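Chains as they are written, first to last, in this note's numbering: chain P, 333 to 639; chain R, 233 to 656. Where a beta carbon is used, it is the ideal one built from N, C-alpha and C, also for glycine. Everything numeric in this text was worked out from a predicted model, so none of it was measured. Please read the structure below before turning to the comments.
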Amino acid sequence: MTATSCRRCGHAALDADAFCEACGAPLVTATAHQAAQAEGRAAAASDIGLRRERNEDAFALASSTERTILVVCDGVASTPSAGSAAALAARTVLATLTAGHASQLRQPAEVAQLLREALNVAHRVVSDLAVSDPLVATADRDETRDGAPSTTCVVAVALGTSVLVASLGDSRAYWIPQSGEERLLTTDDSEPEALLALQAAVPGRATPLTRHLTRWIGADDSGAPPRVHLLEVDGPGVLLLCTDGLWQYFDRPGALAALVASDSTAPSSALDVAHRLVAAALSAGGGDNVTAAVLPLDPGPTVAVGE
Amino acid sequence: MELDLNEYLPEGKGAVDAVVTVTATERDGIAGRSPKSANVCEVLVIDASGSMQGAKFAQAREAAKVALTGLRPGTRFAIVRGTETATLVYPTDGTLATVGPATTADAVTALRRLQCGGGTAIGSWLEKATALLQDADGIRHVTLLTDGLDEWETEEDLHRAIARARGVYQCDCRGVGTDWSPDQLRSIADPLLGTVDIVVDPRDLAADFAAITARLMGRSDNRVLLRVWTPRGARIDYFKQVYPDVVDLTSPDGVAEPSTCDYITGAWGSESRGYQLRVALTPGVVGEEVLAARVSLVVDGEVLDRALVRAIWTDDLELSTRVSQLVGHYTGLTQMSSAIQQGLRARREGDDATAQQELGTATALAAAAGAHETLDLLAKVVTIEDAATGRVRLLPRVSVGDEMTLDTRSTRTTPVRRIQPPQA
Numbered sequence: 333m334t335a336t337s338c339r340r341c342g343h344a345a346l347d348a349d350a351f352c353e354a355c356g357a358p359l360v361t362a363t364a365h366q367a368a369q370a371e372g373r374a375a376a377a378s379d380i381g382l383r384r385e386r387n388e389d390a391f392a393l394a395s396s397t398e399r400t401i402l403v404v405c406d407g408v409a410s411t412p413s414a415g416s417a418a419a420l421a422a423r424t425v426l427a428t429l430t431a432g433h434a435s436q437l438r439q440p441a442e443v444a445q446l447l448r449e450a451l452n453v454a455h456r457v458v459s460d461l462a463v464s465d466p467l468v469a470t471a472d473r474d475e476t477r478d479g480a481p482s483t484t485c486v487v488a489v490a491l492g493t494s495v496l497v498a499s500l501g502d503s504r505a506y507w508i509p510q511s512g513e514e515r516l517l518t519t520d521d522s523e524p525e526a527l528l529a530l531q532a533a534v535p536g537r538a539t540p541l542t543r544h545l546t547r548w549i550g551a552d553d554s555g556a557p558p559r560v561h562l563l564e565v566d567g568p569g570v571l572l573l574c575t576d577g578l579w580q581y582f583d584r585p586g587a588l589a590a591l592v593a594s595d596s597t598a599p600s601s602a603l604d605v606a607h608r609l610v611a612a613a614l615s616a617g618g619g620d621n622v623t624a625a626v627l628p629l630d631p632g633p634t635v636a637v638g639e
Numbered sequence: 233m234e235l236d237l238n239e240y241l242p243e244g245k246g247a248v249d250a251v252v253t254v255t256a257t258e259r260d261g262i263a264g265r266s267p268k269s270a271n272v273c274e275v276l277v278i279d280a281s282g283s284m285q286g287a288k289f290a291q292a293r294e295a296a297k298v299a300l301t302g303l304r305p306g307t308r309f310a311i312v313r314g315t316e317t318a319t320l321v322y323p324t325d326g327t328l329a330t331v332g333p334a335t336t337a338d339a340v341t342a343l344r345r346l347q348c349g350g351g352t353a354i355g356s357w358l359e360k361a362t363a364l365l366q367d368a369d370g371i372r373h374v375t376l377l378t379d380g381l382d383e384w385e386t387e388e389d390l391h392r393a394i395a396r397a398r399g400v401y402q403c404d405c406r407g408v409g410t411d412w413s414p415d416q417l418r419s420i421a422d423p424l425l426g427t428v429d430i431v432v433d434p435r436d437l438a439a440d441f442a443a444i445t446a447r448l449m450g451r452s453d454n455r456v457l458l459r460v461w462t463p464r465g466a467r468i469d470y471f472k473q474v475y476p477d478v479v480d481l482t483s484p485d486g487v488a489e490p491s492t493c494d495y496i497t498g499a500w501g502s503e504s505r506g507y508q509l510r511v512a513l514t515p516g517v518v519g520e521e522v523l524a525a526r527v528s529l530v531v532d533g534e535v536l537d538r539a540l541v542r543a544i545w546t547d548d549l550e551l552s553t554r555v556s557q558l559v560g561h562y563t564g565l566t567q568m569s570s571a572i573q574q575g576l577r578a579r580r581e582g583d584d585a586t587a588q589q590e591l592g593t594a595t596a597l598a599a600a601a602g603a604h605e606t607l608d609l610l611a612k613v614v615t616i617e618d619a620a621t622g623r624v625r626l627l628p629r630v631s632v633g634d635e636m637t638l639d640t641r642s643t644r645t646t647p648v649r650r651i652q653p654p655q656a
């Protein structure tokens, strides 16, 4: 986190949990130009990019011996308080998934239900941002934006060799096996490419890179449950969650896998991989905020039985 | 460390309730921090008042012997005889002896010569233990056995002695027979981070002392404290241990910074403990979020883990009216504990109507929480007609032992075992 002062009380020293150490107000993430964190075997990195004034991406990680949780959110830049929406959604999804009873769930079906629940709670809480948040009202309201504060969210829970993923919006999850091409686990909630191309052809309309989301977290979304995907990991690889600030540059098959595969002989840490992915997006143009969360997984040799 | 709460508050409400469960295992940093060869100092305090004469005293001597043999070689120890004053049984020079074949034999001989006669002044016993343990290192523990009331000193004397002992040692208190007061022993054991139990039949003392010693030998030499940070303008309404028993910890032991309070928890073995706190905040408006508290687990000065207690104001009633399973569970058990104590007090005072009502409430709460051991104890004091609704009748004749056992164990709680998926 970049040092700044609390927007509510002006206190200068900031704590590591992204809350003001004096008054407890959440610190608006717009000031976090770069952020990185390692938690257990997982890690995440985020960068403001080269064109934006604020970093309105957010991530949250949690790790225990049995489970790892990764959350990545991308505040929708056309809406006000998008950075607050993304940070609040990431914190809320993580808190819902790690609350006492929730942390005990182990069955994929139960965890899938829990993921729907977590996104539902985030939807309700972020919707309240549209009502009134005095802090947000003075901090990152922007006259040029309209609608309700909104964010995308992609979340993964890894339980041993099972990975459950849920998403709303166009932030993505990939499984990148050690050898072979990456596999997209999520489906974007956005208008089809063909329609985008049409819109791009109309003068004065959106630029070609503006995708139109059909689902998000925020007051004007339908609030219907998201799709949950189950991945059974059958070999070593890396789970990647990222915002479009990364994948828009590496949408060709094999492009992300090539970035993750290290060309050095030394094994890279999860944090190294996250930083490498973010750096690649910046080199490719850095047109948007970039966030990548990664979790290396290896089911071990016992899974190869029967080959 | 696990956190359980409903962080969503309706507009206008300014209190957050949370349960923090701390689990220490051999592998992690709390119980596994130092090897089992931790430095331990144990002082046995044996009531030798006149009323102990006979089987109680013979069994107490036997139990002390069993406790000694359970101590690891190298453990330092002393035995104190408690009457209206405290006298050193072994060693007699005011130091601690080191467990070994010779010292154990000498201590057993000293125990055999021990006589009873005199009164009861528990404060003076605690003071003697404080003097013995004050400058010792490692885990400092006292096992205190009594059979009667603290009658030979003022209440202030006892409170002063407890205050001086706090932070020096942990004290497990045992009452033998039925002439002592559970309230009084709780007032000693709670601030001294120990347990209270009843041993109705003196023949069970040896097994009980063996269990205390075994638990002591399983602890690590660590100083575990919980540090609670709250934002400016917030107040900690209460902070209590709720598992394995209810102990109010509300007065903190230290203030690291203006916004944080430290609560000492003593030495830990491989175990799980639950804590409940309530933080009072200035109510926020809908959509506002604050960090209401941060609970940090500090072991030997190092923060090992932390839990963030958030508060988020919402006008979504479904979110704000949810009750966290653990918060509901332990709130019920805390109420059960005080209903039992109030019911038994009313019963002693002849107020049967209040007694029946309170014990009925306790029965319903115990049934709801699945506290079967407490229900079994309640069933010896009342006839339970319907546990779920708390319909009970006072039994005309109740053994004093059963009544005191219920009182003593009223603070014990059960963990939540049923795991339910959250409601969609």
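Buried versus exposed call for His561/P [16 or more other C-beta atoms within 10 Å across all chains shown]: buried
Check the Cβ of Val565/P against every Cβ in chain R and list those closer than 9 Å, keeping chain order. The premise fails here: Val565/P is roughly 24 Å from chain R at the closest Cβ pair, so nothing lies under 9 Å.
Neighbourhood of Gly619/P by C-beta, 6 Å cutoff - its chain only, sequence neighbours within 5 removed: Arg383
Short Cβ contact (8 Å threshold) for Ala342/R with Tyr322/R: yes
My output table needs one value for His373/R: the three-state DSSP class, helix, strand or coil. strand
Do you know how far the Cα of Asp460/P is from the Cα of Ala538/P? Note that Ala538/P has pLDDT 43, beneath the 50 cutoff, so the model's placement of it is unreliable and the number below is only indicative. Rounded to whole angstroms, Ala538/P to Asp460/P spans 29 Å at the Cα level.
In the DSSP assignment, find the alpha helix (DSSP H) that holds Tyr581/P and state where it starts and stops. From DSSP, Tyr581/P is part of no alpha helix (DSSP H); its letter is neither H nor E.
Could you check whether the Cβ of Ser435/P sits closer than 8 Å to any Cβ belonging to chain R? yes
Buried or exposed: Ala658/R, going by 16 or more other Cβ atoms within 10 Å of its Cβ? Residue 658/R is absent from the model: chain R starts at 233 and stops at 656.
Given that a residue counts as buried once 16 or more other Cβ atoms are within 10 Å of its Cβ, and exposed if not, what is Thr375/R? buried
So, does the CB of Leu540/R fall closer than 8 Å to a CB anywhere in chain P? yes
Check this for me: beta carbons of Ser496/P and Val457/P, under 8 Å apart or not? Contrary to the premise, residue 496/P reads as Leu rather than Ser in this sequence. Not in contact: Leu496/P and Val457/P (Cβ atoms no closer than 8 Å).
So what does DSSP say about Lys245/R, is it helix, strand or coil? coil
Looking at the secondary structure, which residues open and close the alpha helix (DSSP H) in which Val297/R lies? It is worth fixing the name first, because residue 297/R is Lys in this sequence and not Val. Element bounds for Lys297/R: Ala287 to Thr301.
Between Gln416/R and chain P, is there a C-beta pair that is closer than 8 Å? no
Just the C-alpha distance for Thr400/P and Thr637/R, rounded to the nearest angstrom, thanks. 45 Å
Distance between His343/P and Val252/R (C-alpha atoms, nearest Å): 28 Å
Considering only C-alpha positions, which residue in the set Asp236/R, Glu243/R, Glu234/R and Met233/R is nearest to Asp548/R? Glu243/R
Keeping to the same chain, check which residues put their C-beta closer than 6 Å to that of Tyr581/P; ignore five residues upstream and five downstream. Ala613 and Ala616
So if I threshold CB-CB distances at 9 Å, which residues from the region 448 to 479 of chain R count as touching chain P? Trp461, Thr462, Pro463, Arg464, Gly465 and Ala466
Measuring only the C-alpha atoms, how far is Gly633/R from Thr606/R? 15 Å
Which of helix, strand or coil does DSSP assign to Pro654/R? Residue confidence for Pro654/R is low, a pLDDT of 43 falling below 50, so the modelled location carries little weight and cannot support an answer.
Quick check on Glu239/R: buried or exposed, where buried means 16 or more other Cβ atoms within 10 Å of its Cβ? buried
Between the beta-carbon of Asp494/R and the beta-carbon of Pro484/R, is there less than 8 Å? yes
Assuming Ile496/R and Gly399/R form a contact by the criterion Cβ under 8 Å, report the distance between their Cβ atoms to the nearest whole angstrom. 7 Å
Can you pull the chain R neighbours of Thr420/P, defined as C-beta to C-beta under 7 Å? Looking at the sequence itself, residue 420/P is Leu, so the reference to Thr does not match. Within chain R, the residues near Leu420/P are Glu521.
Should the region 394 to 410 of chain P be regarded as contacting the region 497 to 504 of chain R, the criterion being three or more beta carbon pairs within less than 8 Å? no
Tell me Pro628/P's beta-bridge partners as DSSP assigns them. Val570/P
Give the residues from the region 423 to 436 of chain R that approach chain P closer than 8 Å (Cβ to any Cβ), ordered along the chain. none
One or two residues paired with Lys472/R in a DSSP bridge: Asp480/R and Gln508/R
What does the Cβ neighbour count give for Pro291/P, buried or exposed, with the cut at 16 atoms within 10 Å? Absent from the structure is residue 291/P, since the part of chain P shown begins at 333 and ends at 639.
Contact set between Gln661/R and chain P, taken where Cβ atoms lie within less than 8 Å: Not covered by the structure: residue 661/R. The range shown for chain R is 233 to 656.
My understanding is that Leu451/P touches Cys485/P, with C-beta atoms under 8 Å, so please give their C-beta distance in whole angstroms. 6 Å
Would you list, in chain order, the members of the region 351 to 383 of chain P that have their beta-carbon closer than 9 Å to a beta-carbon of chain R? Phe351, Cys352, Glu353, Ala354, Cys355, Gly356, Ala357 and Pro358
Could you check whether the Cβ of Leu576/R sits closer than 8 Å to any Cβ belonging to chain P? no
With a threshold of 16 other CB atoms inside 10 Å of the CB of Gly558/P, please say whether the residue is buried or exposed. The sequence as given places Pro at residue 558/P; Gly does not occur at that position. Under this definition Pro558/P is a buried residue.
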